[in-house]
Ligand SMILES: Nc1ncnc2c1ncn2[C@@H]1O[C@H](COP(=O)(O)OP(=O)(O)OP(=O)(O)O)[C@@H](O)[C@H]1O
Ligand SMILES: [Mg+2]
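In my numbering, the protein residues as written are 2 to 320.
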C-alpha cells in the first residue's frame with residue numbers, strides 16, 4: 002500500500018541525518034555571510050529545520066544580514082557557561098524553521114577559543130534537534146576556521162572572480178588539507194613531514210600535498226595509503242559569488258582543476274551567484290535579498306544552489 006505524503010515526509014525526517022554545513026572563503030567581503038544567510042533561509046523555506054551559526058567571532062554580523070537586532074544571547078554565553086544548553090542561546094529569526102546562534106557582541110578572547118571549547122561547541126551543535134546546522138566561519142585561515150570547515154559534512158568555499166580571492170580560496174583549501182593530514186596521523190615522522198611540506202621554501206622539494214604523499218609513500222606505504230584516504234574523503238565545494246559574465250562562471254572549474262592537479266583533491270563546483278544591485282541594495286535596507294528581491298537572478302541562483310546541495314546530500318526530499 003502506498004504511503005500517505007505526511008507519512009513519507011515523517012519517514013524521510015526520521016531517516017535523514019543531521020548535518021553540519023559551513024561556508025568559508027579565506028578572504029573578507031566576498032559574500033560568505035550573505036550566502037550563509039540566504040542558503041539557510043531557503044533551506045528553511047523548503048521544510049528543513051535550520052540553525053545558522055555565526056562563528057565569525059571577531060566580526061559577527063549574520064544577524065544584520067537577516068535584518069535582526071543584536072541578539073540577547075550569543076555563542077559567548079554558551080562558551081562562558083552563562084547558559085546551560087546551546088538551545089538557550091538560539092534566537093528566533095522570524096522565519097519558520099530558521100534560528101540563529103549569533104556570535105555578535107563577543108569578547109575579543111572569544112575569537113581565540115581553545116580547542117576543547119571548539120570540540121564542545123561542535124558536539125553540542127551535532128546534538129541539536131534540527132536537519133542542518135549552517136556555519137558562517139568568517140575570513141582567514143586560523144585553526145578555528147579550518148577546523149569548522151574540516152568537521153563539516155558539506156564544506157562550501159566561497160570565492161569571487163578576482164585573483165586575490167581565488168588565491169586565498171585555493172590557499173584556504175591547501176591549509177585545510179595539510180591540517181587534516183597532520184591531525185589524522187599518530188606518527189611523529191609523518192607529522193614532521195607535513196610540517197616540512199607546509200613551509201613553502203622547504204629544501205626537500207615538497208611543493209604540494211601531492212609531492213608530500215608521494216614522498217611519504219616511498220618510505221611508508223601504509224602511512225601513504227592513510228593519507229590518500231584522508232584526501233579522498235575531503236570534498237570541498239566551490240561557490241563563485243559576484244559573477245558578471247561567462248568568464249567569471251568558469252572560475253569555479255579552474256579552482257576544481259587546480260585542486261585536482263596540485264592538491265590531489267576531488268573538489269566540486271556547486272554553482273554561482275550573480276552580481277546584482279538588488280543584493281547590496283537589500284543589505285543597505287537591512288533585508289536579505291532573497292526576501293527583498295525574490296525575482297532577482299541572485300535569488301534564483303540561491304534557490305538553485307540549495308536544491309543542488311540538498312540533492313547532493315540526499316536529505317530525503319527527492320530533489
Ligand atoms: N552577489 C552580490 N551582488 C552584489 N553585491 C554583493 C554580492 N555578494 C556580496 N555583495 C556585497 O558584498 C558585501 C559583503 O558581503 P558579506 O558581508 O556577505 O561578505 P563576507 O564575506 O561575509 O565579509 P566578511 O569577511 O567581512 O564577514 C555585501 O554587503 C554586499 O554589498
Ligand atoms: Mg561575513
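Quick reminder that beta carbons are idealized off the backbone N, C-alpha and C, glycines included.
Here the structure is a predicted model, which is why all the values come from computation and not from measurement.
### Task
Check whether the Cβ atoms of residue 153 and residue 42 lie closer than 8 Å to each other.
no
### Query
Under three-state DSSP, which class holds residue 20?
strand
### Task
Can you tell me which of the three DSSP states residue 58 falls into?
coil
### Message
Within 10 Å of its beta-carbon, does residue 228 have 16 or more other beta-carbons around it, so buried, or fewer, so exposed?
### Response
buried
### Alpha-carbon to alpha-carbon, residue 184 and residue 28
24 Å
### Task
Sort 308, 290, 24 and 235 by Cα distance to residue 142 and report the nearest one.
24
### Query
Can residue 140 be considered in contact with ligand 1, in the sense that its beta carbon sits closer than 7 Å to one or more heavy atoms?
yes
### Query
Where does residue 222 land, buried or exposed, given buried means 16+ other C-beta within 10 angstroms?
exposed
### Task
With hydrogens ignored, establish whether the beta-carbon of residue 300 is closer than 7 Å to any heavy atom of ligand 1.
no
### Query
If you compare alpha carbons, which of 114, 97, 265 and 60 is closest to residue 174?
265
### Query
Where does residue 75 fall in DSSP's three states?
coil
### First through last residue of the alpha helix (DSSP H) which encompasses residue 217
210–220
### Task
Verify the contact flag: residue 233, CB atom, against every heavy atom of ligand 2, threshold strictly below 7 Å.
no
### Query
What is the DSSP secondary structure of residue 308, reduced to helix, strand or coil?
helix
### Query
Hey, residue 151 and residue 54 are a contact pair by Cβ (cut 8 Å); roughly how many whole angstroms apart?
Actually they do not touch by this definition, with Cβ atoms about 16 Å apart.
#### Entry: For residue 289, the three-state DSSP class (helix, strand or coil)
coil
### Message
Measuring only from the beta carbon, is residue 30 closer than 7 Å to any heavy atom that is part of ligand 4?
### Response
Looking at this structure, you won't find ligand 4 anywhere; what it does contain is ligand 1 and ligand 2.
### Task
Keeping to the same chain, check which residues put their C-beta closer than 7 Å to that of residue 109; ignore five residues upstream and five downstream.
Because residue 109 carries a pLDDT of 49, less than 50, the predicted location of this residue cannot be relied on, and the following value inherits that uncertainty. If we look at residue 109 and ignore the five residues flanking it on each side, it has no Cβ neighbours.
### Message
Short of 6 Å in beta carbon distance, which residues of its chain neighbour residue 169, apart from the five on each side in sequence? Order them along the chain.
### Response
27 and 28
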